[in-house]
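Enquirer: In this text, residue positions in the sequence shown follow my numbering: the first is 1019, and each later residue adds one. All C-beta atoms in this analysis are idealised placements derived from N, C-alpha and C, irrespective of residue type, glycine included. A quick note: this is a predicted structure, and the numbers were derived from the prediction, not measured. Structure in structure tokens, see below.
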Amino acid sequence: MHVQPQFLAGDENEATAPPRPTSTVRVDLNGLRGIAIALVVVFHIWMGRVSGGVDVFLTLSGFFFTASLIRTAQSGGSIDPITRVRRILRRLGPPLMVVLAAVAFATLTLLPRTRWADVGDQLVSAVFFYTNWELAWTAQDYLAADQSVSPVQHLWSVAVQFQFYLLAIAVVFGLAWIVRRSTGGQPMSPPAGLYLVLFAGAALLSFVYAADGTSEMQSWNYYDTGARLWEILVGAAIAALFAACQARDRPAHRWRDGQSWVGRSARTLLAVAGLTAIALCGFVLDGVREFPGPWALLPVSATVALILAGPDTVVAQLMSTRFGVWLGSIAFPLYLWHWPILIFALFLTGEPSAGPTLGFVVVGLSVLLAMATVRLVEKPLQAPNTSIPKVLITVVATATAAVVVCGSVGWNYYIDRSVADLQAGEVVDASTHPGALVLTDGALAEDAEVVPALFSAPADLPITTVEGCIADFDTRDVISCEYGNKDSERTIALAGGSHAEHWITALDQLGREKGFRVVTYLKMGCPLTVGSMPMLGDSEYPGCLDWTDAVLGEIERNKPDYVFTNSTRPRPDGPGDITPDSYAQVWAQLAEHGVPVLGVRDNPWLDRDGVAYRAADCLAEGGTATSCGVHRQTALSPLDPALAASFGYPAVHLLDLSDALCDGPVCRVIQGNVLVYRDEHHLTATYVRTLTPELSRQIASATGWW
């Protein structure tokens, strides 16, 4: 069998494929590609849901590519992996680089400089095909499609496919090389059944891993190559099955080609069921929360059904119409173009989502650009190797990749240098940048540039993040570091998530000045909590519960003088803040072991009508320190809710620095020429440094140490 092998990433075309006397071009599967892409576009633009189309892509990708590799290995063709990878890059790279160049240009001309570093990082990840890992590390929400989302976020699936291609080449060609070497260079290959066992077994392992990850850490699991592999490997296993059956002239091969050992009516019903399942998948399943877990079996199984149904059913004929073939021919560039066009359109219009009119404009422009990409980029690449257009396109694509990488690296280096100067104290002077001292000590602020610079705000991080002293989302390991006066017998344990972490800047300074040691126990997104299951966004976060148990065990053994942790968090269903019951349970557990608590009220989070926003972005788009701020009554309750929650816990001492963050009714994003926030809700290390005197007074009052 020979199927049209191109997919989201390139493969050999019809002209270069080794001939098969019984080959059949599966035009219907090319049409399925187009249908899946259309679903992706429609659901991204108008539904705000995952369609399941990407999962169809992944399965088809494994089927097409593995069939090509096995065919090459079994026909005695070249098994040079470098040549195969070069061929993939030659077909995939140029259209991808065209889109990345357009995104880079639009970013520089349309987006504020505060967005350049984030987009630049993801452009680099797209060039080197690790976008899925970049998104996993930053925990991007793929359900979101608004103006603040990365314009290349959708390229995670291209990265996963490319990573699979490298793995498949290594497995298929590697085994073929071993067999040929053992037979003295004869053009022999391993039996296809061996590939079937390997791919099916690996698919099962990946499926189990994905199912476990869905319940453990879905924001990571969604992008994890290991969790996604099973969807591609199912297609690879089907390709290996067909190759094995073909070698033995078994019925599966004839079924695949529509040579009826199973009646056409039965196969038509199978095809109808498969196409219906794909069409309805996005409506009945919440893919962001469920994929690539067990529920992803729906689109994957539906794709397998359409492959098995063969090319001679009514459904296959519908997918093989001129429109279906055309839609399949623009599928890859359409996928590349639609998302960045949507994101930039939302940015330019200021709309949170695309309505009917804007959506049709996005679709129309995406289709036009996809057609132009096919005509001007993809078709010339199918010409002979010596053609001038092909060479020119390859050179331009390579140069574009180099410019994107060098520009992004250079910009990030500039940001890092700016932040390094801040951390070294070379820029901030209390006389010109008093920060919180304007509110707490009545200091006056002269006219001066705001620090940190808006574009470098996200990098103004606590030293614990810089030094790797905070556990990541996906680990239960307890990481402990020491700051302040490391030789002191007095100890404060700083424990919790990132909202406890950003106080390390002040605690480290106070520890060195006042003579106490700071021991950190930190984990991203994980405030100390016991009892109820912690949540990370809309997903359960069991790793946080296990980590908290381990940390509390260490604290109870080491008996620090105080545990410094958060006492409140924003109310999830309205204005103000609350003290969760799970926080009070932590206090009770610590009290049982004689460990007192310094409970600090959480800072206001930037939120407007339920939508979080970054201070630097708001300012870069023309906002002011006040207009970009949040109303105090929106972010904070009239009284610290921990006052009531801590009743009956005499060893809990409350700290409240709200008056050092909010000036009257508004919590401004700039105080005393210092930017308060580095993102939507974390404080800049520079501003926390100016909070040190006020924190010192409150800790002294609570502990009596000075």
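Can you have a look at residue 1062 and say buried or exposed, based on whether 16 or more other CB atoms are within 10 angstroms of its CB?
Expert: The residue given as residue 1062 occupies position 44 in the sequence shown. Burial call: buried.
Enquirer: Only counting the same chain, and skipping five residues up and downstream in sequence, which positions put a Cβ closer than 6 Å to that of residue 1583?
Expert: Here residue 1583 corresponds to residue number 565 of the sequence shown, with the count starting at 1. A distance below 6 Å between beta-carbons, with the five flanking residues on each side excluded, links residue 1583 to the following residues of its chain, in chain order: 1513, 1514, 1518 and 1546.
Enquirer: Tell me which same chain residues have a C-beta within less than 7 Å of the C-beta of residue 1463, skipping the five on either side of it?
Expert: Along the sequence shown, one-based indexing puts residue 1463 at 445. Excluding residues within five positions, the ones whose Cβ falls inside 7 Å are 1452, 1456, 1690 and 1691.
Enquirer: Use the C-beta contact count for residue 1126: other C-beta atoms within 10 angstroms, 16 or more gives buried, fewer gives exposed.
Expert: In the sequence shown, the residue the question calls residue 1126 occupies position 108. Exposed.
Enquirer: According to the neighbour-count rule (16 or more other Cβ atoms, all chains shown, within 10 Å of its Cβ), is residue 1651 buried or exposed?
Expert: Against the sequence shown, residue 1651 aligns to sequence position 633. So residue 1651 ends up on the exposed side.
Enquirer: Between residue 1567 and the rest of its own chain, which residues show a CB-CB distance below 8 Å, the 5 nearest in sequence each way excluded?
Expert: If you number the sequence shown from 1, residue 1567 lands on position 549. Cβ within range, chain order: 1548.
Enquirer: Going by other Cβ atoms of all chains shown within 10 Å of its Cβ, with 16 needed for buried, is residue 1305 buried or exposed?
Expert: Position 287 of the sequence shown, counted from the start, is the residue given in the question as residue 1305. With at least 16 other beta carbons inside 10 angstroms of its own, residue 1305 counts as buried.
Enquirer: What would DSSP say about residue 1252, mapped onto helix, strand or coil?
Expert: Mapped onto the sequence shown, residue 1252 falls at position 234. Reduced to three states, the DSSP call for residue 1252 is helix.
Enquirer: Can you pull the DSSP bridge partners for residue 1584?
Expert: Indexing the sequence shown from 1 puts residue 1584 at position 566. Answer by DSSP bridge pairing, in chain order: 1618.
Enquirer: Could you pull the start and end residues of the beta strand (DSSP E) that residue 1513 belongs to?
Expert: Translated into the one-based positions of the sequence shown, residue 1513 becomes position 495. First-last of the beta strand (DSSP E) with residue 1513: 1509-1514.
Enquirer: Would you mind sorting residue 1039 into buried or exposed? The rule is 16 or more other CB atoms within 10 Å of its CB.
Expert: As a position in the sequence shown, residue 1039 is number 21, starting the count at 1. Here residue 1039 scores only 39 on pLDDT, less than 50, and its place in the model should not be relied on; the value that follows carries that caveat. Label assigned to residue 1039: exposed.
Enquirer: In the DSSP assignment, what are the bridge partners of residue 1501?
Expert: On the sequence shown, residue 1501 is found 483 positions in, with the first residue counted as 1. Its beta-bridge partners are 1536.
Enquirer: Taking all protein chains shown into account, do 16 or more other C-beta atoms lie within 10 angstroms of the C-beta of residue 1713, making it buried, or fewer, making it exposed?
Expert: To locate residue 1713, count along the sequence shown from 1; it is residue 695. Its Cβ being crowded by 16 or more others within 10 Å, residue 1713 is buried.
Enquirer: Give a yes or no on whether the minimum CB-CB distance between residue 1412 and chain B is below 8 Å.
Expert: As a matter of chain content, chain B is missing from the structure shown, which is built from one protein chain.
Enquirer: Can you give me the Cβ contacts of residue 1345 inside the same chain, cut-off strictly under 6 Å, excluding the 5 residues immediately before and after it?
Expert: The residue labelled residue 1345 in the question sits at position 327 within the sequence shown. So the qualifying residues of the chain are 1052.
Enquirer: In the DSSP output, what is residue 1626 paired with across the bridge?
Expert: For the purposes of this step, residue 1626 is taken as residue 608 along the sequence shown, with counting starting at 1. The partner list for residue 1626 (beta bridge, DSSP) reads 1629.
Enquirer: In whole angstroms, what separates the C-alpha of residue 1333 from that of residue 1286?
Expert: As a working mapping, residue 1333 is identified with position 315 in the sequence shown. As a working mapping, residue 1286 is identified with position 268 in the sequence shown. The alpha-carbon atoms of residue 1333 and residue 1286 are separated by roughly 7 Å.
Enquirer: Is it true that the stretch 1570-1580 meets the stretch 1599-1611, where meeting means three or more beta-carbon pairs spaced less than 8 Å apart?
Expert: yes
Enquirer: Classify residue 1382: buried if its beta carbon has 16 or more other beta carbons within 10 angstroms, exposed otherwise.
Expert: Here the question's residue 1382 lines up with position 364 in the sequence shown. Classification of residue 1382: exposed, given that the 10 Å Cβ count is below 16.
Enquirer: With a 10 Å radius around its C-beta and 16 neighbouring C-beta atoms as the bar for buried, classify residue 1562 as buried or exposed.
Expert: By one-based count along the sequence shown, residue 1562 stands at place 544. Residue 1562 is buried by the Cβ-count criterion.
Enquirer: Just confirm the distance between the C-beta atoms of residue 1612 and residue 1671, as a whole number of angstroms; I'd bet it's less than 8 Å.
Expert: Position 594 of the sequence shown, counting from 1, holds the residue named residue 1612. Position 653 of the sequence shown, counting from 1, holds the residue named residue 1671. So it is not a contact: roughly 14 Å between Cβ atoms.
Enquirer: Taking the alpha carbon of residue 1193 as the point to measure from, which residue in 1180, 1175, 1173 and 1214 has its own alpha carbon closest?
Expert: Start at 1 with the first residue of the sequence shown, and residue 1193 comes out as number 175. Ranking the options by Cα distance to residue 1193, first place goes to 1214.
Enquirer: As a quick exercise: from 1664, 1454 and 1240, pick the residue whose alpha carbon is nearest that of residue 1676.
Expert: Working through the sequence shown from its first residue, we reach residue 1676 at position 658. Of 1664, 1454 and 1240, the residue nearest in Cα terms is 1454.
Enquirer: Just to confirm my understanding: we take residue 1159, look at its own chain, exclude 5 residues before and 5 after, and list those with CB closer than 6 Å. What are they?
Expert: Translated into the one-based positions of the sequence shown, residue 1159 becomes position 141. Legend: pLDDT at residue 1159 = 45, less than 50; position of this residue unreliable, no value from coordinates given.
Enquirer: For the alpha helix (DSSP H) holding residue 1394, just list the boundary residues, first then last.
Expert: Taking the first residue of the sequence shown as position 1, residue 1394 is located at position 376. Segment: none, residue 1394 is in no alpha helix (DSSP H) and carries neither H nor E.
Enquirer: Throw me the rounded Cβ distance for the residue 1498 and residue 1538 pair, which I believe falls under 8 Å.
Expert: Locating residue 1498 in the sequence shown gives position 480, where the first residue counts as 1. Locating residue 1538 in the sequence shown gives position 520, where the first residue counts as 1. Correct: roughly 6 Å between the Cβ atoms.
Enquirer: Within a Cβ cutoff of 8 Å, which residues of the same chain sit near residue 1131, ignoring the five residues on either side of it in sequence?
Expert: As a position in the sequence shown, residue 1131 is number 113, starting the count at 1. Taken in chain order, the residues that qualify are 1472, 1473 and 1638.
Enquirer: Since residue 1189 and residue 1222 are thought to touch, with beta carbons under 8 Å apart, how far apart are those beta carbons, to the nearest angstrom?
Expert: Taking the sequence shown and counting its residues from 1, one reaches residue 1189 at position 171. Taking the sequence shown and counting its residues from 1, one reaches residue 1222 at position 204. Not a contact, Cβ separation roughly 16 Å.
Enquirer: By how many angstroms is the C-alpha of residue 1283 removed from the C-alpha of residue 1234?
Expert: Numbered from 1 along the sequence shown, position 216 holds the residue referred to as residue 1234. Numbered from 1 along the sequence shown, position 265 holds the residue referred to as residue 1283. Between residue 1234 and residue 1283, the C-alpha separation is close to 43 Å.
Enquirer: What are the boundary residues of the alpha helix (DSSP H) that includes residue 1110?
Expert: Locating residue 1110 in the sequence shown gives position 92, where the first residue counts as 1. Per DSSP, residue 1110 belongs to the alpha helix (DSSP H) from 1099-1128.
Enquirer: Within 10 Å of its beta-carbon, does residue 1100 have 16 or more other beta-carbons around it, so buried, or fewer, so exposed?
Expert: Taking the sequence shown and counting its residues from 1, the one referred to as residue 1100 is at position 82. Under this definition residue 1100 is an exposed residue.
Enquirer: Bridge partners of residue 1648, per DSSP?
Expert: For the purposes of this step, residue 1648 is taken as the residue at position 630 of the sequence shown. DSSP, once it has assigned bridges, lists 1685 as partnering residue 1648.
Enquirer: Sorted by chain position, which residues of the same chain lie with C-beta nearer than 8 Å to residue 1553's C-beta, five sequence neighbours on each side aside?
Expert: Locating residue 1553 in the sequence shown gives position 535, counting from the first residue. Closer than 8 Å at the Cβ level, and outside the excluded window around residue 1553, lie 1559.
Enquirer: Need the endpoints of the alpha helix (DSSP H) that residue 1356 sits in, please.
Expert: Numbered from 1 along the sequence shown, position 338 holds the residue referred to as residue 1356. According to the DSSP assignment, residue 1356 belongs to the alpha helix (DSSP H) that extends over 1349-1367.
Enquirer: Along the alpha helix (DSSP H) that carries residue 998, what are the first and last residues, could you check?
Expert: Nothing can be reported for residue 998, as the shown portion of the chain is limited to 1019 through 1724.
Enquirer: Going by beta-carbon coordinates alone, are residue 1585 and residue 1543 separated by less than 8 Å?
Expert: Here residue 1585 corresponds to residue number 567 of the sequence shown, with the count starting at 1. Here residue 1543 corresponds to residue number 525 of the sequence shown, with the count starting at 1. No; because the gap between Cβ atoms is not below 8 Å, this pair is not in contact.
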